[in-house]
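A.B. asks: Here's a structure for you.
Chains as they are written, first to last, in our numbering: chain P, 1383 to 2469; chain B, 1153 to 1302.
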């Protein structure tokens, strides 16, 4: 050690930088010489050089020996290769040698390094030496060997000098026998019994006790059982605590029970034991064997004052009860109590600062953020109420000190005190701690002020079974009930005359163990209002039928609104009721396939037309009359029905509608005497919420509205034309014919009839005289989906039986689509498909029919009056009249386009039996003939007479000419030039014969080229290039014919008169004369 | 680093003395070998079977041998030791100066390390001495002189 330390300074010069180079040369070299020389891993350079030189030389010699045998080129190559190889070696060697300039330096470095490592080694050794010195110092400190004990053990073979403590610690004492234990315990029990009977003050609450197993068990019902034991048999020996068992249960949930053991263990048990012992021994002196740790001084023990007797059992009772109550209360505070039920959002639980009370506020709602409208919302408390459980001290009434006790217990306590203590006072009194429950519903929570009139036994808390959840549940149910009851009261009574005030409309019921406020909206619609006792939120729902699916969102929205502000419940219910009623009516309308609207684009003022009691309306559009609506006006109690006509207000941007023609439809009146329907229609039988709308009723109303619309349209047309009209009610006793009942509406008879006088509507129309004075107008088909029609019924003045093939056998005929004729009543019904033009159509049809009727009548009279027996009516069906005017020659007359063309007639000529297929030559003259009728406009009967006369007179001409034409086989053409003017054109188209009817049944046969208007000037044939040429010697021919015919007796002399350009004759003989003239002219022309 | 034998740049001229001679001699040997090589190459390309050719080569070989001899002679006087590491480095085409630097740095490091240790032990010794003197005042005489000495 010494050497190691002292050698350090000697080494300093070589290591210390500050000393380097300051020593003289000699000292340095001397020092260097001290360095150990290291040749480790080194070779001498000389050796290397020598070896390389030797090896080069040896190789060279070898080459010299081997090369002569080689060829010259090989020799050279070998030599060159060798030289290259050797040169490499030599260069390497050169590098080595050059490096070896530094060899000495490196060598010195190595030496120094070796020296330093050596020195290091020495240091390590020195340190190890020091460490060893330290290690070996410890044993040197040990005490001397216990020679005394050694000697003792070695000489005697046993220990004698050991402390007895060790022996006590190690050697177990002999266990008492069972008998001894029992005996001790029994003795102890006796002592305890003695003490309890005579000295100890036992709280009355804890008086129930038993003595067993050497200790006393006190039992407090619903709180705990605890056992204690005495420390000894002496009077001053204190009690000590043995065990406790809780009888208390907390909450209803399992987690709480787990956390609240019946028998405390572990830390809690120790804590209880310590504190209980402390209480028991509060006034006792410390045990004599209590050894204080050094330096600790105990505060002086509390001393009993004079006349006061220690009462440890009272203290321990107070302690244990307080402990248990607090423990139970704090268990309630555990977050799990309310979290796991999902109450956390709606329940807030607080423990007061002194930890003596526990309160829960329920039905929390989030604070409403300032609403956007700036309207202060009604201030609602943010919680529904508070339930508080607190530990209070119950003071007795009789005694300022001491707890509240029953009188019996009080007497017992006093007796005990007097017996055991005499005049002395006990050191402690029983504290009357107990739980108290307070329920405070918040004022105005959920918009209802609940007066907390709670029955005394309503909120009783049992310390033995502290179930906060059930308690809360009870309170919430009560609160819910109160609130719903208040709402019920408000709905029924608050408004002077409310729709909900009727009996049975709002009722409280219990459904599925939840209280429900049933509000009957209308008919079968019931809304259920519940209050979730957990969240304190209202919930509106339907009675749960299948249609509730679409209503779900609506109820959700309403529920949210009520929850925001429960005071709006009333108005919301009103609105809901309205919506529901509208829905109901809407649904009914949809069933019937009617187009209904919740709202139309009326101006606000217009809606007041529906009356002050109207709360809402449903507009049902009439499908045939889109501008008309049946309006179901919803008032407070029932529906009212209105019929409106709308028109778009011109100039408004959105096409606002205006109501016109508002008519209230009285339900009963509509139905009149119809018993089957009125039985259902009594609205009062359904009670006040009687919105029972029957589908049948709605359909009838709709039909009636359609009827109204139809009538209004017809009326309007009359008004436009200035035609007066009147209504009259149909005869009520008229029995509905069964066949009509199913095609008509049952309402048909309750619809009044519309009557127009013929002189008004038909004024100016032709043949107005054919109609009876009153005309009935009946709209039809308003009860069905078919387009509405209007039937106008006219009773004819002249009864003319229809005949012919279209007449048929039925008494009712329908000659055309638009006309129906009842032959027995002579009533013609005109059907108009379009209500809006029905009057026009009627007038047109009437013009046609009336003419036909007149014609038919005239024809019928003609044969009798004029003695024309061959004239006979063939057929008549209001559209056409056909009759034979002479023998088998017939004409059928019909009208066309009476209004537009001013009354054109259509004439069709034909033949009837026996020669029905033959040609009626009058057909050619039809365009001229129809004018005869037409020109007689306004006075149809004379025109018809003219026509018939004309036809009869021209018939011989037409027939004869037709025959001539037939016989000539195309060489002659005949045609009508005018109504009474026929022309016969010869084959050369140059010559013609004219037959002209004249008055008094005369016919003039004359040359076609001769004009009647320029008599006397016969044109020259040469000049007449394009026109007809005069028949040569025509006058001679005529004269000749006349003579012949008189001669032959065909014609009487007065009946025939040849004139210069022709021949005048009576119609009876025109056939013979005409033929004679023709034949003569034809032969003359041939020649 | 003013020591005469401290390392120099490799481009420096060969020092005088044996070292320098040896270097020159080796240079000469390399040169002679080069000459021999060139002679042989020239001979093989140009003057084939020229009678004087062999003689020329022989001359060159003799030069080589002379050099070898000189080197051999010098080698016997050389006492320098070189590490095997240097030979290996050169064979493996590494710079042998690396080794030089390595060795120098090692020496310097060791020196520093030991210096530190010496200082540490010095201070420990002072503490120990103080403690010894305090615990065993009677030993002060034995310790003091050593303290004063340092």
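Built from N, CA and C at the ideal position, the CB exists for glycine as well.
Could you tell me which uninterrupted alpha helix (DSSP H) segments, each at least 4 residues in length, are contained entirely in the region 1228-1277 of chain B, listed from first to last along the chain?
C.D. replies: List check, alpha helix (DSSP H) in window: 1236-1243.
A.B. asks: Note down, in chain order, every chain P residue with its Cβ under 8 Å from the Cβ of residue 1228 of chain B.
C.D. replies: Against chain P, the beta carbon of residue 1228 of chain B has neighbours under 8 Å at 1428 and 1432, listed in chain order.
A.B. asks: With the cut-off set at 8 Å, would you say residue 1917 of chain P and residue 1728 of chain P are in Cβ contact?
C.D. replies: In contact: residue 1917 of chain P and residue 1728 of chain P (Cβ atoms closer than 8 Å).
A.B. asks: Just checking my contact of residue 2000 of chain P with residue 1964 of chain P at CB under 8 Å: how many whole Å lie between their CB atoms?
C.D. replies: Cβ-Cβ separation between residue 2000 of chain P and residue 1964 of chain P: approximately 6 Å, consistent with a contact (criterion under 8 Å).
A.B. asks: Give the DSSP-derived three-state secondary structure of residue 2220 of chain P in the structure shown.
C.D. replies: Helix at residue 2220 of chain P.
A.B. asks: Ignore the nearest five residues each way along the sequence and tell me which others in residue 1898 of chain P's own chain have a CB closer than 6 Å to its CB.
C.D. replies: 1891, 1910 and 1912
A.B. asks: In angstroms with no decimal places, state the Cα-to-Cα distance between residue 2052 of chain P and residue 2087 of chain P.
C.D. replies: Any reading at residue 2052 of chain P is ruled out, since the residue's pLDDT is 47, under 50, leaving its predicted position unreliable.
A.B. asks: If you draw a straight line from the C-alpha of residue 1746 of chain P to the C-alpha of residue 1768 of chain P, how long is it?
C.D. replies: 10 Å
A.B. asks: Which residue's Cα is closest to the Cα of residue 2022 of chain P: P:1992, P:2038 and P:2463?
C.D. replies: P:1992
A.B. asks: Please name the residue, chosen from B:1185, B:1188 and B:1273, that lies closest to residue 1507 of chain P on a Cα-to-Cα basis.
C.D. replies: B:1273
A.B. asks: Please report the Cβ distance between residue 2360 of chain P and residue 2310 of chain P, rounded to the nearest whole angstrom; I am assuming they are in contact, meaning their Cβ atoms lie under 8 Å.
C.D. replies: 5 Å
A.B. asks: Closest to residue 1626 of chain P by CA distance: which of P:1666, P:1685, P:1699 and P:1690 is it?
C.D. replies: P:1699
A.B. asks: Once DSSP output is grouped into helix, strand and coil, what is the label at residue 2101 of chain P?
C.D. replies: helix
A.B. asks: Tell me which residues of the region 1179-1193 of chain B have at least one Cβ-Cβ distance to chain P shorter than 7 Å, keeping chain order.
C.D. replies: 1179, 1181, 1182, 1185, 1186, 1188, 1189, 1192 and 1193
A.B. asks: Can you name the residues that DSSP bridges to residue 1482 of chain P?
C.D. replies: Its beta-bridge partners do not exist; DSSP assigns none.
A.B. asks: Specify the secondary structure class of residue 1576 of chain P as computed by DSSP and reduced to three states.
C.D. replies: helix
A.B. asks: Counting only Cβ-Cβ distances shorter than 8 Å, please list the residues of the region 1435-1462 of chain P near chain B, keeping chain order.
C.D. replies: So the list reads 1435, 1436, 1438, 1439, 1442, 1446, 1454, 1455, 1458, 1459, 1461 and 1462, given in the order they occur along the chain.
A.B. asks: If the criterion is Cβ atoms closer than 8 Å, does the pair residue 1940 of chain P and residue 1966 of chain P meet it?
C.D. replies: no
A.B. asks: Pick out the complete alpha helix (DSSP H) segments inside the region 1539-1572 of chain P, 4 residues or longer, and give them in chain order.
C.D. replies: 1546-1552
A.B. asks: In the DSSP assignment, find the unbroken beta strand (DSSP E) run with residue 1891 of chain P in it and report its ends.
C.D. replies: 1888-1893
A.B. asks: Taking only three categories from DSSP, how would you classify residue 1745 of chain P?
C.D. replies: coil
A.B. asks: Would the beta-carbon of residue 1418 of chain P fall within 8 Å of that of residue 1500 of chain P?
C.D. replies: yes
A.B. asks: Within the same chain, show all residues whose beta-carbon is closer than 6 Å to that of residue 1184 of chain B, passing over the 5 residues directly before and after it, in chain order.
C.D. replies: 1215, 1216 and 1219
A.B. asks: Can you tell me where the beta strand (DSSP E) holding residue 1595 of chain P begins and where it ends?
C.D. replies: Residue 1595 of chain P -> no beta strand (DSSP E), and no H or E assigned at all.
A.B. asks: Going by other Cβ atoms of all chains shown within 10 Å of its Cβ, with 16 needed for buried, is residue 2090 of chain P buried or exposed?
C.D. replies: buried
A.B. asks: For residue 1205 of chain B and residue 1211 of chain B, I'd like the C-alpha separation in whole angstroms.
C.D. replies: With a pLDDT of only 49 at residue 1205 of chain B, under 50, the local geometry of the prediction cannot be trusted, and no value is derived from it.
A.B. asks: What residue range does the beta strand (DSSP E) around residue 1425 of chain P cover?
C.D. replies: 1424-1426
A.B. asks: Determine the contact status of residue 2254 of chain P and residue 2268 of chain P, defining contact as a CB-CB distance below 8 Å.
C.D. replies: no
A.B. asks: Using only the alpha-carbon positions, how far apart do residue 1292 of chain B and residue 1286 of chain B sit?
C.D. replies: 8 Å
A.B. asks: Take residue 1371 of chain P and list the residues in its own chain whose beta-carbon comes closer than 8 Å to its own, dropping the five residues that flank it on each side.
C.D. replies: Here chain P has residues from 1383 to 2469 only, and residue 1371 of chain P is not among them.
A.B. asks: To be precise: take each residue of the region 1483-1506 of chain P, compare its Cβ to all Cβ atoms of chain B, and keep it if any distance is under 7 Å. Which residues remain?
C.D. replies: The residues in question are 1483, 1484, 1485, 1486, 1487, 1488, 1489, 1491, 1492, 1494, 1495, 1498, 1499, 1501, 1502 and 1505.
A.B. asks: Exposed or buried, what is residue 1171 of chain B when buried is set at 16 or more other beta-carbons lying within 10 Å of its beta-carbon?
C.D. replies: buried
A.B. asks: Between the C-alpha atoms of residue 1895 of chain P and residue 1766 of chain P, what's the straight-line distance to the nearest angstrom?
C.D. replies: Those two C-alpha atoms are separated by around 21 Å.
A.B. asks: Going by beta carbon distance, what residues of the same chain come within less than 6 Å of residue 2392 of chain P, once the five residues before and after it are set aside?
C.D. replies: Excluding sequence neighbours, residue 2392 of chain P sits near 2443.
A.B. asks: Between the alpha carbons of residue 1962 of chain P and residue 1903 of chain P, how many angstroms are there, rounded?
C.D. replies: 7 Å
A.B. asks: For residue 2137 of chain P, I'd like the list of residues in its chain whose CB is within less than 8 Å of its CB, leaving aside the five on either flank, ordered along the chain.
C.D. replies: 2107, 2108, 2109, 2110, 2156, 2157, 2158 and 2159
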